[in-house]
Each structure stands twice: as structure tokens, then as C-alpha cells.
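Numbering (this note's numbering), first residue to last: 5 to 410.
Ideal placement from N, C-alpha and C gives every residue a C-beta, glycine not left out.
Source: prediction; values computed, not measured.
Notes follow once the structure below has been shown.
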Amino acid sequence: MRLHRNLVFAVVDALHYIFNEGEYADKVVEKVLKYDKRWGARDRGFIAETTYDMVRWKRLYTEIAEVKAPYTRPNLFRLFAVWAVLKGIKLPDWKQIEPTPERRIKGRFDELSKIRKFNESIPDWMDELGAKALGEDLWTKEIHALNQQADVILRVNTLKSTKENVKAALLEAGIETEVIRGYPDALQLKERANVFVTDAFQNGWFEVQDASSQLVAPFLDVQPGQRVVDTCAGAGGKTLHLAAQMQNKGQLIAMDIYDNKLKELKRRAKRNGAHNVETRTIDSTKVIKKLHGSADRVLIDAPCTGLGVLRRNPDAKWKLQPEFLEKIMVTQQQILQDYSKIVKTGGKMVYATCSILPQENIQQVNKFLSSEAGKDFKLSAQKNIYASKSGFDGFYMALLEKTPSA
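Spelled out as C-alpha cells, the structure:
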């Protein structure tokens, strides 16, 4: 592979924004890709994938390069040189890239690869937390799986199309997909491609949604005609899946504390042809109180550390802080206490997170069940989904049923 100066400089700029300015990788990549309209798909792919790769392996590369934050521009070029050497790419003779000791880089890599926190490029606290929560063996496998690049998975929108039609339409656009056993609405791309420019996407035939995330809506066991409340809807990936499962019949209330996310959900719902979705911003406790005891089904897709989705958000490894776990656990329990009141007797509720930590999952459910608010609920089923076992994102879901009071 021949390295092009403008593409490498774009990667270095991106790393500066992410590592030094604390910006989010996805937003930075979006910004940097606008530098030059003449860049083709291969150029853009190089910038995006190299940036994500270097973010993912930041700790390993900084250790080998012997550089520390805040990173100067020469530091960032040095990191890039480490990346290139380890990828077996010949370095160009540019003044920004100083003579690189290739043998030393490879030797250092061999040494550090024997230590998990370097080999899997994670902060000390996260390595200790994961090992303690999951046990050494499962954590080693899990963090390794969470460092792999995530596949692109689509969820077919059954309100508008079928798996066969989406498959055929994408093939016509030059994009090959394959079905995934055990995931009824999922298609997996054989190679990465920009699916958002296809007619099939513009017409609302599918959404991009990880296979694990696609298990949440069916777990809630919604039926057409019910009143269903998605309490932490965000931009609505799971809401839209619920609408399809309800066949557009009944009432689907999508709520969130962020109005801008609900606006995006409305836009997506329109494209998806999901007509039974109604959005409500949670701007006071009254919004929840009005719904007390009225819903057949409630989904709590709770805010969490996001440790199960590091494959697609590698910069979360560096942005997450240990104290955030303590804070978010308080929020999760509060949400369970408050939003569970929406479920009517005989109704069902799913508590889900994209975390693999028991502290955020079964321990939160048990704490809720032993509280006053949870006394009429029983745990009917739960799923721990690990990336190392499924090949998809790490997730947790618990199905709780509200039984009549004794």
C-alpha cells in the first residue's frame, strides 16, 4: 500500500481532535471526511478505518511510541509510524516521519502483547473491573472480541419490505448480504459499504442495527393493538422495531429526556412508515405519572457504560471514567423505580443495557425486585449476550412481569 500525504495528514488531524480535544470519534471522522470532495470511497475508507484502528489500539501504540498526552503533532506522526510498521506498510520519506526503528517497534510489540491491558489496549481500571466482574477467563475472551471491528448488520423493516426484497435490491446496488441464523429480520453485509445512499434505505426498507440489539424488541413480546411505552427511546432504533412487531396497530409511545433525539426518531419513523409512534419529551415527572398503570408493555433501554458496544465505539475506552459506573448505576435504579409504575397489572417490562457488567444488569434487577416498587414483579427470563460467544455486541435483557398483588 502506498501512503498519500493528504490522507495521512487527515488521520493525524482526526487523532488530534479525538485525543487532545476530547471530541467523539464518529463526529470527528464525519468532519475530516469533508476536507476534500474529490476523495473517493477508498480514500474515505482509509481515513475512517485507520482513525478507528488507532483509537482502538491507542494504549498499545502510545506505549510502543513512548509518547504521552497531550500529544504534539510530531507525537501523532510517531503513532502513525508505529501503526504503519505493525501493518507492514512501507513508510514514505517525509520530513514529518522521522527515521523509524522498525525492529524495536516489533520487539516492543512482542513484549507488550503478553500483557492483557496492553495487548487489548485498555486502561488499568477497566481491566481490573472486567476481570473482577466476569472472571479472568471470560473477561480475556470478551475484551478480545470487543476489540474486533463490528460487522455492518441491517434490520429489515417488515412494515415495508421483506428480507428477500432487501437482499435483491442491495445486490442490484452492488452490495452483497447474507442472512444470520436465529435473527429473523437481520442481514449482514459481506463487505463494508455505504448503505445509506441506496434507494432501499431512502425508501425505509431497512435500518442499520446490530444483531444483539435486534433481540430486544421480540423479547418484550408485543402484540398488535397494545399500548407500548419505550421509555428511553433515543433516536428510536428499538422503537421502530417495536412498531414493525406491532404491525402499526395500537399505540407506541416513545419517550426521552432529549427532545432532539425524538425529532430524529420522528424523521426515521416517517421514512419507515411507522404510523403508530407518538413521541413525548420527559420534561417533568407529570409525563410519567400520567401513564401510571396504563401500559401493556414497557421497554427500559437504560443508559449504561456501553461496555458491550466497544467494537463500534472504541473511543469510549478512553472517555469512560471509573466514577461514571457509580453514577450511572444510581440513574439506572431510579429509572427502574420510576418507569416500572407505567406497567399495568398483567403487563410486561424489559430492562435492557448494552453493558456486560452484572452491576448494571442482574444486580440492578435484583435490587429493584427487593424494593417496594418491584414487589409485584417477577423475573420471567433474562439473557446475557457476550460478544465472545455471539460475534455481535454485548447486551443484557431481563423480562419482568407484573402480577396481581397478593
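Uninterrupted alpha helix (DSSP H) stretches at least 4 residues long and entirely within the stretch 40-125 occur at 45-60, 62-69, 77-90, 106-116, 120-123, given in chain order.
Contact between residue 19 and residue 55 holds, since their C-beta atoms are separated by about 7 Å, short of 8 Å. Our two residues, residue 364 and residue 44, have alpha carbons roughly 43 Å apart in a direct line. Linking residue 307 to residue 337 through their CA atoms gives a straight-line distance of about 11 Å. Contact between the stretch 254-270 and the stretch 150-160 is absent: fewer than 3 CB-CB pairs across the two stretches fall below 8 Å.
Closest by C-alpha distance to residue 165, out of 277, 291, 114, 250, is 277.
Out of 168, 201, 90, the CA that lies nearest to the CA of residue 190 is found in 168. With a cutoff of 8 Å on beta-carbon distance, residue 7 and residue 93 are scored as near each other. Taken through DSSP and simplified to helix, strand or coil, residue 212 comes out as strand. Assignment of residue 156 by DSSP, reduced to helix, strand and coil, places it in the coil class. Bridge pairing for residue 406: 381 [DSSP]. Cβ atoms of residue 405 and residue 375 stay farther apart than 8 Å, at about 16 Å. For residue 192, the enclosing beta strand (DSSP E) begins and ends at 190-193. Residue 258: member of the beta strand (DSSP E) spanning 255-260, first to last residue. With 16 or more neighbouring CB atoms inside 10 Å of its own CB, residue 235 falls in the buried class. Counting along the chain, the unbroken alpha helix (DSSP H) around residue 241 starts and ends at 241-249.
When the beta-carbon positions are compared, residue 173 and residue 204 come within less than 8 Å of each other. The three-state reading of DSSP puts residue 329 in helix, counting H, G and I together. Contact holds between the stretch 113-125 and the stretch 49-67, because three or more Cβ pairs, one in each stretch, are under 8 Å apart.
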